[in-house]
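Asker:
Number of protein chains: 8
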Amino acid sequence: MDNDKLKEILDSVRNKSMAVEEAIRTLKHLPYENISFARVDHHRNLRQGVPEVIFASGKTQEQVVKISRLMYKKNRRFLITKATKKIYNSLGIKKAVFHPASGIISIGEEKKKRGNVLVLTAGTSDIPVAEEAAVTASFLGSKVNNVYDVGVAGLHRLMDNKKHIEESRVIVVVAGMEGALPSVVGGLTDKPIIAVPASTGYGTSLGGLTALFAMLNSCVPGIAVVNIDNGFGAGCLAHKINTLQ
Amino acid sequence: MDNDKLKEILDSVRNKSMAVEEAIRTLKHLPYENISFARVDHHRNLRQGVPEVIFASGKTQEQVVKISRLMYKKNRRFLITKATKKIYNSLGIKKAVFHPASGIISIGEEKKKRGNVLVLTAGTSDIPVAEEAAVTASFLGSKVNNVYDVGVAGLHRLMDNKKHIEESRVIVVVAGMEGALPSVVGGLTDKPIIAVPASTGYGTSLGGLTALFAMLNSCVPGIAVVNIDNGFGAGCLAHKINTLQ
Amino acid sequence: MDNDKLKEILDSVRNKSMAVEEAIRTLKHLPYENISFARVDHHRNLRQGVPEVIFASGKTQEQVVKISRLMYKKNRRFLITKATKKIYNSLGIKKAVFHPASGIISIGEEKKKRGNVLVLTAGTSDIPVAEEAAVTASFLGSKVNNVYDVGVAGLHRLMDNKKHIEESRVIVVVAGMEGALPSVVGGLTDKPIIAVPASTGYGTSLGGLTALFAMLNSCVPGIAVVNIDNGFGAGCLAHKINTLQ
Amino acid sequence: MDNDKLKEILDSVRNKSMAVEEAIRTLKHLPYENISFARVDHHRNLRQGVPEVIFASGKTQEQVVKISRLMYKKNRRFLITKATKKIYNSLGIKKAVFHPASGIISIGEEKKKRGNVLVLTAGTSDIPVAEEAAVTASFLGSKVNNVYDVGVAGLHRLMDNKKHIEESRVIVVVAGMEGALPSVVGGLTDKPIIAVPASTGYGTSLGGLTALFAMLNSCVPGIAVVNIDNGFGAGCLAHKINTLQ
Amino acid sequence: MDNDKLKEILDSVRNKSMAVEEAIRTLKHLPYENISFARVDHHRNLRQGVPEVIFASGKTQEQVVKISRLMYKKNRRFLITKATKKIYNSLGIKKAVFHPASGIISIGEEKKKRGNVLVLTAGTSDIPVAEEAAVTASFLGSKVNNVYDVGVAGLHRLMDNKKHIEESRVIVVVAGMEGALPSVVGGLTDKPIIAVPASTGYGTSLGGLTALFAMLNSCVPGIAVVNIDNGFGAGCLAHKINTLQ
Amino acid sequence: MDNDKLKEILDSVRNKSMAVEEAIRTLKHLPYENISFARVDHHRNLRQGVPEVIFASGKTQEQVVKISRLMYKKNRRFLITKATKKIYNSLGIKKAVFHPASGIISIGEEKKKRGNVLVLTAGTSDIPVAEEAAVTASFLGSKVNNVYDVGVAGLHRLMDNKKHIEESRVIVVVAGMEGALPSVVGGLTDKPIIAVPASTGYGTSLGGLTALFAMLNSCVPGIAVVNIDNGFGAGCLAHKINTLQ
Amino acid sequence: MDNDKLKEILDSVRNKSMAVEEAIRTLKHLPYENISFARVDHHRNLRQGVPEVIFASGKTQEQVVKISRLMYKKNRRFLITKATKKIYNSLGIKKAVFHPASGIISIGEEKKKRGNVLVLTAGTSDIPVAEEAAVTASFLGSKVNNVYDVGVAGLHRLMDNKKHIEESRVIVVVAGMEGALPSVVGGLTDKPIIAVPASTGYGTSLGGLTALFAMLNSCVPGIAVVNIDNGFGAGCLAHKINTLQ
Amino acid sequence: MDNDKLKEILDSVRNKSMAVEEAIRTLKHLPYENISFARVDHHRNLRQGVPEVIFASGKTQEQVVKISRLMYKKNRRFLITKATKKIYNSLGIKKAVFHPASGIISIGEEKKKRGNVLVLTAGTSDIPVAEEAAVTASFLGSKVNNVYDVGVAGLHRLMDNKKHIEESRVIVVVAGMEGALPSVVGGLTDKPIIAVPASTGYGTSLGGLTALFAMLNSCVPGIAVVNIDNGFGAGCLAHKINTLQ
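Chains as they are written, first to last, in our numbering: chain A, 654 to 898; chain B, 654 to 898; chain C, 654 to 898; chain D, 654 to 898; chain E, 654 to 898; chain F, 654 to 898; chain G, 654 to 898; chain H, 654 to 898.
(1) To the nearest angstrom, how far is it from the Cα of B/Ser821 to the Cα of B/Val772?
(2) Here's the rule: buried if 16 or more other CB atoms are within 10 angstroms of the residue's CB, otherwise exposed. What is C/Arg722?
(3) Pull out every residue of the stretch 872-894 of chain B whose Cβ sits closer than 9 Å to any Cβ of chain C, in chain order.
(4) In whole angstroms, what separates the C-alpha of B/Asn798 from that of B/Ala787?
(5) What residues from the stretch 771-792 of chain C come within 7 Å of chain A, judged by C-beta to C-beta, listed N to C?
(6) List the whole-angstrom C-beta distance separating A/Asp802 from D/Lys893, where the pair is believed to meet the contact cut-off of C-beta under 8 Å.
(7) Rounded to whole angstroms, what's the CA-CA distance from G/Pro835 to G/Val770? Just pull it up for me.
(8) For G/Leu723, would you say it is in contact with chain H, using Cβ-to-Cβ distances shorter than 7 Å as the test?
(9) By the criterion of Cβ-Cβ separation under 9 Å, what are the contact partners of H/His867 in chain A?
(10) Name the chain E residues whose beta carbon is nearer than 9 Å to that of F/Leu615?
(11) Please go through the same chain and pick out, in chain order, the residues whose beta-carbon is closer than 7 Å to the beta-carbon of A/Leu869, but skip the five residues on each side of it.
(12) If I measure Cβ to Cβ from H/Asp882 and keep anything under 7 Å in the same chain, skipping five residues before and after, which residues do I get?
(13) Rounded to the nearest angstrom, what separates E/Ala833 and E/Ala864 at their Cα positions?
(14) Quick one: is G/Gly745 buried, meaning 16 or more other Cβ sit within 10 Å of its Cβ, or exposed?
(15) Chain H partners of A/Ser759, CB-CB under 9 Å?
(16) By the criterion of Cβ-Cβ separation under 9 Å, what are the contact partners of H/Val706 in chain G?
(17) Within 10 angstroms of the Cβ of E/Thr713, are there 16 or more other Cβ atoms? Answer buried if so, exposed if not.
(18) Using beta-carbon positions only, say whether D/Ile847 and D/Ala887 come within less than 7 Å of one another.
(19) Report yes or no: is there a C-beta of chain B within less than 7 Å of the C-beta of E/Gln701?
(20) Specify the secondary structure class of B/Glu705 as computed by DSSP and reduced to three states.
(21) Consider the Cβ of B/Gly899: report whether some Cβ of chain D lies at a distance smaller than 7 Å.
(22) What residues from chain C crowd round E/Thr853, counting only those whose CB sits closer than 7 Å?
(23) At the level of alpha carbons, what is the spacing between E/Ala664 and E/Arg729?
(24) Beta-carbon separation of G/Met830 and G/Gly856 under 7 Å?
(25) Cβ closer than 7 Å: which chain D residues qualify as neighbours of B/Gln606?
(26) Given a cut-off of 7 Å, decide if H/Ala709 and H/Lys735 are closer than it, judged by their beta-carbon atoms.
(27) So, is D/Asn895 buried or exposed, given that buried needs 16 or more other C-beta atoms within 10 angstroms?
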């Protein structure tokens, strides 16, 4: 379309039905439309990097369903995060899959999996966030393994899965409370680590802020941190790094 | 230049030395350069709205002087905020004026003053911030009056200057501590009010956060708030509103 | 009434039934009553600037209905903000209009619209706050346009509506999460911008504080900021600036 | 050594001078020493990922010099961060190089540079942090480009350097104040982005917390965030991702 | 009882059945029991100053009822604060009075009222806190007047009640949002003012912290501040000051 | 003067050189001037309640001296708080007295002392704040006693001075760290207590916020709290209560 | 099992079916498995120190039941904290005991009680936290006494139980609001004190943070502090100290 | 003295020169004096538990010296914490010893050392705090070992000193940044652990608050936490536990 518009102007210049000066004036006002379709191009690139996503929390069920159907018509693959079974039931989209552990609804064909992303959690309460990361990265085309509940109290299980660490290209570590697991894992490997603070805990866990700040202050240099409970962001980042060529 | 480039492409299309498809491809990569000079245009507009400014705090004296001389060569009018006498002395720019109360250095011709901006302070400690607002708005071309030290303890002086309130088009109110003055002024007038929290005070003034939050919670609806001690921003906003046509 | 009282005193002085000294003593005790009716005058002015408003949240339904009916009897135009359908249904005021997107109830005749206020949102979750601003400014007599969901992910749609920006006199920008949209819009125009932080987001969005602080720290100077989710205040301020003569 | 110890035990078992049961008991107490040399191995790996580093801030000059000389004797390549010219002068290490913009001292041979890391800053005040990232990644063996002062006010310069973005494998973005630059860059590319909040700004910039929180809340999913002013960590992470095979 | 114990020891000394040294040793271990009954004495004094009170919030209904009945048996006058109609209904104490506006249950005879405490609120949402103060002070024996909803928007009503201010001995001012009313009242009178921050408001009202901090930073010196929503404490303090002889 | 003006108008009405209507119109514009001289009256009252005061911190020495001399010319009694020896030396006011422990300069005749204010501190570091309270209350005309360093570690000294508690009418308690002393004193007496949090301590004392919050949460109901380190405010409040009739 | 594996390797070495070098290589990769069973050993030690525990809050009922049954099969003694009657009812474990005051479910035989732990609370609202500490320490084998509701208002009851203090080896003190009780108890004894801040209170109690910070700032040196509402942690620590030999 | 007073009263009772009733009345007023000398007794006990201490920070040099000499005259053993060489030089007390690493001055004879306290630090920047703990515990009579700089980067050194852990009775762990070391040590031992957050680090270390909160949220139950940088408190607590019988 925008291509058409451009072509129309250039054709007009070519067949001299439009003066060069007028074309300049017209084109000067185009850049934003240009950005517009540039962004479409860019969106195409983005789609290889991060998924189309609807963040369901804070929207009404009606809004989520309406936006989802519009997106589905354009035949896109996309995710709905922080969703509920209720939203899923009212979607009326056949190919939608509900992931109950993370509250994600994924829509679209499976992709071939590449690379190797490992998702770890310190405790069982961190699993919903970890699953959000795992489902997201997998949806984007990353091969994903997970090892859950390997905090200090279950460190031996982490060790039992040392092979997973060695075989991974990037590691997502979800932890609440004091958020120490990324530092411990970082002491065992030089793979890029993405730390996700979880809002588990009480009192001075401050809804995940303590884990967040602890991760940002890790004595292991070079740990990537994302927002509290942001499994989706961690999944996107893991996939970007995992598939970097 | 960019105009020339555009003309060159269009001329090439016109005289058929460049295919329409190639022109499309070329133009698609232009938008960012377009944005670039669009921003120059836009900057020209901006210059009518906000001044060129160098924020001196957090830069070395060398950096400030170097940037200032570069800007001066382009013959621009500009401000240096949060500056010191020492910076001023090492500038070596003849037309520079140092405003000691606010720590602003202004460079460039006086503009004709329009409209009417009133700057109020609750106390004498708020004057440096108020002066930053006043010098900025004046530099941009606004007529500025000020009435200082008219907090609760000197409210009668505010009343003595009621005429200034009535004659103004927009009012900047600088206050620290409990930041109540904008609410009081807002109860006396329906002019747009720009509230500037000052970092004066101690203890639970929390470096101006208490005044900021109080101003944001004013029971007088529609008060504009800017960052703590941000006289420069208040001056820009006051000038934008003052000269709105 | 107060006029009557004043007249009575002055008449008494004139016909010498009251000594000058006694009149002085009496008048000295009047100022507060003076303020009282001064405030009525002032209220009249205010009504041209900001609407009468009942903030429903934190009041019982009974209180809201009772106050509303009292105000309605005096035949005033007024708004009820943060209201619910339930409150609306129990009002029993014929001409009341319920705006479901913002939770505002407006009561009173339509005003002729002047000027041009543009309301933008970064996402769909910000719409309730934006609608509160739009309904308020419109109720006060401002012409209002809105373009919603034009955050970074939909910037091209903002560009598609560039004409709206150019035609507006003042722009309200509602954004949650990192609150970056006002800076982006501020880079495109020199119109006064009113930034409204929204409490959308989770984790370190801190209920809107992050967006608020980001807006206060915008590198675009002169952005007006109001309280988190304060669409009403933004609407009042936008109207004040929009109709400034 | 530990190898020797192990060999000694196993030889004893082999030549039956030690019972299997006793060997088990002995070996059970070994793991920590095992970890000890395991960590040495691991350290070797680490050295390929992150540099040896002495964090000078919070240590006395004497401590820094003493530790540095010890490390130098072992002939290691290492960095001293947050250092001063004064520390550099008292080091007495010939091959040490002082990087004044970042306050880093680097010791050791240059490495062959691989890949492509791009370091961006929003303003000139962010340069020290950016330089810390750049020097670190370069020291570790990454090829590094930088483009400084490309915040909103200089976005066109960013666009002028679009080629750098396209040619990079990973991008470090340093920004203070409202921390919006990572979102803007993230809208232009799908490369992994490492956001570094800088403590520049005043008032509600809260020493970098606002930029940090804004970055963690970016509407562009999958941005990696590190601690405030943590250029070193960003450099390590950038190098890890840049050289991932 | 303790008196008995003391008497017993002293009698033993008197009739020489206990050596002075032994009595000293015994008495040295008594002080804590002494404190015990000293506190009873002191409690008696206290009861003239502050009421016996059960803070219902955070206790189960059963606990509240059980403690209340125990206290009632000892025939005491006491208050139950932050209570509900439900608790009131299950009390089974005849003379109990439920004050629905404040959620206080008062038990015990009316006292003769002395002095004059004035309770003001900025808005209607502040009334529950104000009522808690008023009921408490009245229960303790203070004469109490109240004027509600006299914030900036209704200042003239405050002025209409100027006589109440002049006739009062101490003034309780309840305000949420920006908490400016105590400063305004403090500008009109030199009576002791007790400021009570209310948790009304939203966003940066921070659950009353902003009002609290603003009140602590009042430019009117010598305002007494109590905890957020602490009407009970304000009532006690007002009564103490009101009845000071 | 204002009296004169009023008289002039009323005389004009009386002698009919001014119409009643014109007088009404004139008088309607008077209230602010009325407030102005009302405030002067009020100031006179205030002076009996709180002293004229110059808060030196945050003002230049020049400003302090200049304001002081102006006030001195009007022959007023006033205080300069948070002052230094250097300011004192440059004042050039004969009757000025410097109180080194509190940094107060007092100017004006001694007043006859009434009532009885007791000032307590938990530690020796709290003495500057306590002295500010003591000097202020004494300057205003209150009799002041003090007992310093009677925190938990020196509670027996408090007990040794129990007579002072009993003889006082109001008690100021200054404490930093955990701020527990007001609760302890409040358990021993029913006198009004004014708690002053001090910024002594480190770590989680948070510059006095912990003491402040602890005092606001005292389980002894009815403790008056002022801002951190606000000895001046405590002194004013103590005097107001102490001299209440 | 791991023992078996070790034995197998050593047997292979012994019977020369495995070369010493191969054994070294194999054992070098064992340490983590070693840690694994070392942790089992260590766990055994731990079990003497802290109990196996399932933190029910933040887990689904299904997860809690499933983990509980697995643990029960291994015949372990363990606790479920922050549990509900509903979880208890669905457990289907005969020997489980529900402690309603604390929400703990304990599973396993009673242990012989040693030493003497005293648990105190300031108020009745603190009892759930105190009971969590008491049940935990008792479950681990400590003799536990408790004295509840002995805050300032009931200090005499503390004194009446002075014998309990003297006979205890370690004291747990639970307090909300201003958290002053540990300082008061610390002034009466030199026993180790474990302070538990409770989230009781409102306003500036900040969900227990104020009590926490006050306890950390106690002027009595050497008070051990645990997380807000962390009765379980306090119980573990008390038992560790109580049974230290 | 108080003994004398008691004796005098009892003698009077004995020789009947004082009536029993009068003696009761007199003794009832004694408890506070009783407490006074009870506290002296208690102080004697305390001295076995915690040292007399002067906290130098926040006091003038003169105050410290004056208090020190007074205490020295009474021939007491005591510590001065957070002191400087300058204070030490001006003390004029022969037996004073200055510990430069911690800034402690100790005065008094060496005590015989008992038990075994281990002090660990994560980094070299934590040593001043650790030394404060070590000097304090040693001064009180505890045998103290220390192992410094055993954070994640040097964990093998911790393991090399595993024997120290095993031989200790109580362990003090000082750590800044993410404060993870106590959790790691707690995974290796069941000894009581006292965690001391250090204010080392920058950005989101928040002056030690992050380490503090992380330690309070440790997944290892039963870790005792003290205030940020509070080596003195940790030393007292360690000694109390170490010498518990």
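Where a beta carbon is used, it is the ideal one built from N, C-alpha and C, also for glycine. Given the structure is predicted, the values throughout are model-derived calculations rather than measurements.
Answerer: Reading off the structure:
(1) 10 Å
(2) exposed
(3) Val873, Pro874, Gly875, Ile876, Ala877, Val878, Val879, Asn880, Ile881, Asn883, Phe885, Gly886, Ala887, Gly888, Cys889, Leu890, Ala891, His892, Lys893 and Ile894
(4) Each residue's alpha carbon lies about 8 Å from the other.
(5) Result list: Thr777 and Ser778.
(6) Actually they do not touch by this definition, with Cβ atoms about 26 Å apart.
(7) Between G/Pro835 and G/Val770, the C-alpha separation is close to 15 Å.
(8) no
(9) In the sequence on display, residue 867 of chain H carries Ala and not His. Result: Met830, Glu831, Gly832, Ala833, Thr857, Thr863, Ala864, Phe866, Ala867 and Asn870.
(10) In the structure displayed, chain F extends from 654 to 898; residue 615 of chain F sits before or after that span and is not available.
(11) Correct list, in chain order: Val878.
(12) Val782, Ala851, Ser852 and Gly861
(13) 8 Å
(14) exposed
(15) Within chain H, no residue comes near A/Ser759; the closest Cβ sits about 32 Å away, beyond 9 Å.
(16) Chain order gives the chain G residues near H/Val706 as Pro874, where near means a beta carbon separation below 9 Å.
(17) exposed
(18) yes
(19) In this predicted model, E/Gln701 has a pLDDT of only 40, less than 50, meaning its place in the structure is not dependable enough to derive any value.
(20) strand
(21) Since the first residue shown for chain B is 654 and the last is 898, residue 899 of chain B is missing from the structure and cannot be characterised.
(22) Those are Gly711, listed as they occur along chain C.
(23) A quick correction: the sequence has Asp, not Ala, at residue 664 of chain E. Those two C-alpha atoms are separated by around 34 Å.
(24) Cβ atoms of G/Met830 and G/Gly856: not closer than 7 Å.
(25) Any property of residue 606 of chain B remains undetermined from this structure, which presents chain B solely from 654 to 898.
(26) Going by C-beta atoms, H/Lys735 is nearer than 7 Å to H/Ala709.
(27) buried
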